[in-house]
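Protein chains in written order, with the numbering used here: chain H, 6 to 179; chain X, 6 to 179. One structure is given here, and the rest of the page talks about it.
Number of protein chains: 2
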Amino acid sequence: MRVLGVDPGLTRCGLGVVDGAPGRPLRMAAVGVVRTAADDGVGARLVAIERGIEAWLDEHRPEAVAVERVFSQHNVRTVMGTAQASAVAILCASRRGLPVHLHTPSEVKAAVTGSGRADKAQVGAMVTRLLRLDAPPKPADAADALALAICHIWRGTATGRLQQAVAAHAHPRG
Amino acid sequence: MRVLGVDPGLTRCGLGVVDGAPGRPLRMAAVGVVRTAADDGVGARLVAIERGIEAWLDEHRPEAVAVERVFSQHNVRTVMGTAQASAVAILCASRRGLPVHLHTPSEVKAAVTGSGRADKAQVGAMVTRLLRLDAPPKPADAADALALAICHIWRGTATGRLQQAVAAHAHPRG
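Set out below in structure tokens:
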């Protein structure tokens, strides 16, 4: 299963593609960041993010997209940009019929480090280890995007199995 | 000048097209709402909003788009949907090279009623009067979209003139 993880942001939108399945080694296919200039208008920045994500979807052909779930209890200015960038990522994936899953930051941290309160360094260290990289991906947004993809491969599949089991139980003759 | 006003929302995205210029009578060209079902996923809802806005841009060919500026001090769940829908509106307009302007709710209320603290009924009544309609447009999101377009025709043009004056002053020989 190939997953594109998106750590949304107007200034830096982290992107990471991971191949894997639960119980199998993970493989990083690509990692990077779409950057936009703070002195551009929000419209130009959203268009640039759309182009960047479209190019990644074209090139890497993921089967699913995992996007960080945005909460509004953080800094007001930052959270609006994050919500807007995440909307563009969700839109690009959904337009192609790709399944989109949202994971909270604590779900992602718990998935890759075992603790929902892990710090950036710990997430970066585990992403490096799990993907057998030489050094932690930089900037942190890129590492977070890979962590999202890993979280989705592990959690998403488990959730999928659980849903299948529940559905089978609910419709035993279905 | 023809302006599309967008009152962004996931459940109801208000759209209103107004023709006008400062000091001239205003004319409503179109008003409506794009609705999406609450039980659809956010991706499907954003795709539906994109399609709706694209259809309006194709049909009505506005020269500018005015979108309500979203603040995050309101209800957490609502504001995220509003921010996502507004991102789609900004993206659709910017992709076509249309100028996008954001106006705060109090700017819009002040423009059409004279008070930044006017209530929905007052805004609806003034929109009805200014556009010489038989009754206030419903739902309120549709009336708010028309108010945004009116606000932009009056304020946007004033701002444009001010910017031209400042630019002319800064570069007197330019």
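The C-beta atom is built at its ideal place from N, Cα and C for all residues, glycine as well.
#1: Could you say which of 130(X), 14(X), 139(X), 63(X) lies nearest to residue 51(X) if we only look at CA atoms?
#2: Determine the contact status of residue 136(H) and residue 62(H), defining contact as a CB-CB distance below 9 angstroms.
#3: Who are residue 71(H)'s beta bridge partners in DSSP?
#4: Identify each residue in the region 42–75 of chain X for which the Cβ-Cβ distance to at least one residue of chain H is less than 7 angstroms, and report them in chain order.
#5: Could you check if residue 55(H) is buried or exposed, using at least 16 other CB atoms within 10 Å of its CB as the buried criterion?
#6: Helix or strand or just coil, what does DSSP make of residue 159(X)?
#7: In the DSSP assignment, what are the bridge partners of residue 33(X)?
#8: If you draw a straight line from the alpha carbon of residue 71(H) to that of residue 101(X), how long is it in whole angstroms?
#9: Terminal residues of the continuous alpha helix (DSSP H) containing residue 133(H)?
#10: Got a sec, what are the start and stop residues for the alpha helix (DSSP H) residue 28(H) sits in?
#11: Would you list, in chain order, the members of the region 91–102 of chain H that have their beta-carbon closer than 8 angstroms to a beta-carbon of chain X?
#12: Cβ of residue 73(H) within 9 angstroms of Cβ of residue 83(H)?
#13: Report yes or no: is there a C-beta of chain X within less than 9 angstroms of the C-beta of residue 107(H)?
#14: Looking at C-beta atoms only, is the number of pairs between the region 143–157 of chain H and the region 13–29 of chain H that lie closer than 8 angstroms three or more?
#15: Hey, would you say residue 144(H) sits closer than 9 angstroms to residue 132(H), going by beta carbons?
#16: What number of angstroms, rounded off, separates the C-alpha of residue 159(X) from the C-alpha of residue 23(X)?
#17: Once DSSP output is grouped into helix, strand and coil, what is the label at residue 66(X)?
#18: I'd like to know if residue 88(H) contacts chain X, where contact means its C-beta is closer than 9 angstroms to some C-beta of that chain.
#19: Spell out the partners DSSP gives residue 39(H) in its beta bridges.
#20: On a CA-only basis, which of 103(X), 64(X), 114(X) is nearest residue 34(X)? Give me that one, please.
#21: Do residue 157(X) and residue 46(X) have their C-beta atoms within less than 9 angstroms of each other?
#22: Could you confirm whether any beta carbon from chain X is found closer than 9 angstroms to the beta carbon of residue 85(H)?
#23: On a Cα-Cα basis, can you pick out the residue from 68(X), 75(X), 41(X), 114(X) that is closest to residue 92(X)?
#24: How close, in whole Å, do the beta carbons of residue 69(H) and residue 108(H) come, if the pair is a contact with beta carbons under 8 angstroms?
#25: Evaluate residue 121(X) with the Cβ neighbour count: other Cβ atoms within 10 Å of its Cβ, from every protein chain shown; 16 or more gives buried, anything less gives exposed.
A quick look at the data gives this:
#1: Taking the first residue of the second sequence as 1, we reach residue 51(X) at position 46. When only C-alpha atoms are compared, the closest one is 14(X).
#2: Translated into positions along the first sequence, residue 136(H) becomes position 131. Translated into positions along the first sequence, residue 62(H) becomes position 57. Going by C-beta atoms, residue 136(H) is not nearer than 9 angstroms to residue 62(H).
#3: Residue mapping note: residue 71(H) aligns to position 66 of the first sequence, counting from 1. Bridge partners of residue 71(H): 10(H), 106(H).
#4: 47, 48, 49, 51, 52, 55, 75
#5: Counted from its first residue, the first sequence places residue 55(H) at position 50. Buried, since its Cβ has 16 or more Cβ neighbours within 10 Å.
#6: The residue you call residue 159(X) lines up with position 154 of the second sequence. The answer is helix: DSSP assigns residue 159(X) an H, G or I state.
#7: Taking the first residue of the second sequence as position 1, residue 33(X) is located at position 28. Answer is 23(X), bridged to residue 33(X).
#8: Within the first sequence, residue 71(H) is the residue found at index 66, counting from 1. Within the second sequence, residue 101(X) is the residue found at index 96, counting from 1. Rounded to the nearest angstrom, the two C-alpha atoms are 28 angstroms apart.
#9: Along the first sequence, one-based indexing puts residue 133(H) at 128. Run containing residue 133(H): 125–135, per the alpha helix (DSSP H) assignment.
#10: Your numbering for residue 28(H) matches position 23 in the first sequence. That residue, residue 28(H), is in no alpha helix (DSSP H); it is neither H nor E in DSSP.
#11: 91, 92, 93, 95, 96, 98, 99, 100
#12: As a first step, residue 73(H) must be located in the first sequence, where it is residue number 68. As a first step, residue 83(H) must be located in the first sequence, where it is residue number 78. Against a cut-off of 9 angstroms, the Cβ pair of residue 83(H) and residue 73(H) comes out as no contact.
#13: Within the first sequence, residue 107(H) is the residue found at index 102, counting from 1. Interface residue, yes.
#14: yes
#15: Indexing the first sequence from 1 puts residue 144(H) at position 139. Indexing the first sequence from 1 puts residue 132(H) at position 127. Not in contact: residue 144(H) and residue 132(H) (Cβ atoms no closer than 9 angstroms).
#16: Start at 1 with the first residue of the second sequence, and residue 159(X) comes out as number 154. Start at 1 with the first residue of the second sequence, and residue 23(X) comes out as number 18. Using only the alpha carbons, I get a separation of about 11 angstroms.
#17: Indexing the second sequence from 1 puts residue 66(X) at position 61. Coil, per DSSP.
#18: Taking the first residue of the first sequence as 1, we reach residue 88(H) at position 83. So, interface residue.
#19: Counting from one through the first sequence, the residue named residue 39(H) turns up at place 34. Partner(s): 18(H).
#20: For the purposes of this step, residue 34(X) is taken as the residue at position 29 of the second sequence. Measuring from the Cα of residue 34(X), the nearest candidate turns out to be 64(X).
#21: Taking the first residue of the second sequence as 1, we reach residue 157(X) at position 152. Taking the first residue of the second sequence as 1, we reach residue 46(X) at position 41. Their beta carbons are not under 9 angstroms apart, which means residue 157(X) does not touch residue 46(X) by this criterion.
#22: On the first sequence, position 80 is the one that residue 85(H) refers to. Closer than 9 angstroms: yes.
#23: Stepping through the second sequence from its first residue, residue 92(X) is reached at position 87. Of the candidates 68(X), 75(X), 41(X), 114(X), the one whose C-alpha sits nearest the C-alpha of residue 92(X) is 75(X).
#24: The count along the first sequence starts at 1 and reaches residue 69(H) at position 64. The count along the first sequence starts at 1 and reaches residue 108(H) at position 103. Going by Cβ atoms, the distance from residue 69(H) to residue 108(H) rounds to 12 angstroms, so no, they are not a contact pair.
#25: Along the second sequence, one-based indexing puts residue 121(X) at 116. The residue is exposed, with fewer than 16 neighbouring Cβ atoms inside 10 Å.
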